[in-house]
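Down below is the structure, laid out as C-alpha cells.
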Amino acid sequence: MKEWMDAIVKPAAGPGLELRQVPVPVPGPGEVLIKIHKTAICGTDVHIYNWDPWAAEHITHPPMTIGHEYVGEIAAMGEGVTGLTIGQRVSGEGHITCHRCRNCHTGNIQWCKNTNSVGVDRDGAFAEYVCIPQTNVIPIDESLDEDVVAFFDAFGNATHTALMWNLVGEDVLITGAGPIGIIASGICKYAGARRVIITDLNDYRLDLARKMGVDYAVNTGREDLKEVMAKAGLTEGFDVGLEMSGNAAAFRQMCSVMRNGGKISLLGLGKPMVEVPMNDIICKGLTLQGIYGRKMDNWHQMSYMVQGGLDLHPVITHRFHYTDFEKGFAAMNSGMSGKVVLDWTK
Ligand SMILES: [Zn+2]
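Numbering-wise, the sequence shown is residues 0 to 345 according to numbering that gives the first Met the number 0.
Right, here's the structure in full:
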C-alpha cells in the first residue's frame with residue numbers, strides 16, 4: 000500500500016480547488032478503505048468550488064479533500080470489519096450517522112441529528128482512496144455500469160424524493176431539470192406514472208430530460224404550463240409534485256397547479272426564507288414533505304431499478320480523467336451539462 004495519493008482538495012477558504020498529494024488514510028477499527036474507480040461531480044461540489052455563502056458556512060476546516068459520489072473497490076479493512084472482502088465493488092452512503100439518536104434507532108438515518116457528511120465535514124472521495132465506517136459501505140453488483148454507479152448518491156436523492164408517494168397512474172410535475180430532476184423523471188416513468196412533466200428555464204437540460212423519457216419538458220420562460228397540462232389530458236391538476244429547483248416562483252407555480260389533496264416532496268434548497276402560497280396549501284389540502292439525503296433502503300431500490308431496465312446513461316454528458324477536474328467543474332458551471340464523471344482508474 001502506498002503512503003501518498005492524489006486528491007482534489009479545497010486548499011483554503013476561497014474559490015477554486017487544487018490537485019495535490021495527501022496521505023492515504025489508514026482504516027481504524029470498523030473502517031474500510033476504498034480504492035476509487037469513478038466519481039461524479041455534485042452541485043454541492045460546485046458550491047464548494049465556487050465558494051458561495053453555503054460553502055463558506057459549511058466548509059469550516061480547509062485544507063480538505065472534497066467529493067461524495069463514487070464507486071470503487073475495497074482496498075483494506077480495519078480491525079473488526081466483517082462480511083466484506085478485499086476487491087469487492089462498493090459505493091458508500093455519504094452521511095456518517097450516530098447510531099444513537101431516536102431517528103437512527105428507527106432506521107431513519109436520513110434524519111440523524113448528529114450527521115457528518117463525507118466531502119463536507121470530513122475528507123471526501125475525490126482522491127485515489129476514501130476511508131468510511133463499515134456501516135456506510137454499500138456493496139454494488141458487478142453487473143452495474145460504474146459510470147452510473149458513480150452518481151448513485153445523487154440517484155438516491157432522486158429516488159428518495161420520487162418514491163415518497165404512490166406514482167402508479169399518477170400525473171407528476173417536476174420543477175427543476177438539474178441532474179437530480181432529470182433522474183427523477185426517469186424514475187417516475189419507470190415507476191408507472193401516467194404523465195411526467197418537467198419545468199426549467201434551461202433548454203439544454205430540458206433536452207436531457209426528453210432523452211430520459213419525460214412526457215413534456217416545458218420552458219416556463221416562454222411556454223404556458225396550463226396549456227401543456229390541457230394537451231397532456233390533465234383535468235384536475237397534478238397528483239404529485241417534486242420540487243427540485245430551489246426556486247420560490249417554481250414552487251408557487253407548483254402549488255397553483257396541484258389537484259386538491261396533492262402530495263409534494265421538496266428537495267431543492269434555495270433561499271432560506273421565501274413567500275409561500277398558504278391559501279393554496281391549506282385550502283387544497285396539500286401535503287408537503289421535506290427530503291434530506293436518502294434512506295438506506297433507497298440504495299437497494301436503485302440497484303434493482305437499474306437491473307430492471309431504468310437507463311440513466313442519458314444524464315451523463317461529460318467524462319474526464321481526474322487530472323482534468325477543472326474541465327468538469329467548468330462544464331457544471333456552464334449549465335450545459337448533466338452528470339460529469341471523473342475516471343480514477345488510469
Ligand atoms: Zn443519529
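A virtual CB, placed ideally from N, CA and C, is assigned to each residue, including glycine.
Exercise. Less than 7 Å separating the beta-carbons of Thr174 and Met257?
Worked result: no
Exercise. Out of curiosity, what's the CA-to-CA distance linking Ala75 and Gly27?
Worked result: 10 Å
Exercise. Which first and last residues belong to the alpha helix (DSSP H) in which Leu205 is found?
Worked result: Asp202 to Met211
Exercise. Which term fits Tyr128, buried or exposed, when burial requires 16 or more other beta carbons within 10 angstroms of its beta carbon?
Worked result: buried
Problem set entry | Segment contact, 8 Å Cβ cut-off, at least three pairs: the stretch 88-108 with the stretch 131-145 | yes
Exercise. Measuring CA to CA, which of His67, Ala248, Val119 and Val167 is closest to Gly155?
Worked result: His67
Problem set entry | Any non-hydrogen atom of ligand 1 closer than 6 Å to Thr105 Cβ | no
Exercise. Taking contact to mean at least 3 C-beta pairs separated by less than 8 Å, is the stretch 159-177 in contact with the stretch 234-244?
Worked result: yes
Problem set entry | Alpha carbon of Lys225 to alpha carbon of Leu200, nearest angstrom | 16 Å
For this session: Name the one or two DSSP bridge partners that Cys378 has.
Result: Within the shown structure, residues of the chain are numbered from 0 to 345, placing residue 378 beyond reach of any answer.
Problem set entry | Reference Leu32; option with closest CA among Ile40, Ile137 and Ala39 | Ile137
Exercise. Measuring from the CB of Asn113, is there a heavy atom of ligand 1 at a distance below 6 Å?
Worked result: yes
For this session: Return yes when the C-beta of Ile134 is under 6 Å from any heavy atom of ligand 1, and no when it is not.
Result: It should be pointed out that residue 134 corresponds to Thr in this sequence rather than to Ile. It does not: the Cβ of Thr134 is nowhere closer than 6 Å to a heavy atom of ligand 1.
Exercise. If you draw a straight line from the alpha carbon of Met4 to that of Ala12, how long is it in whole angstroms?
Worked result: 22 Å
Problem set entry | Residues that DSSP places opposite Pro261 in a beta bridge | In the sequence as presented, Pro is not what sits at residue 261; that position holds Gly. Answer is none; Gly261 lacks a bridge partner.
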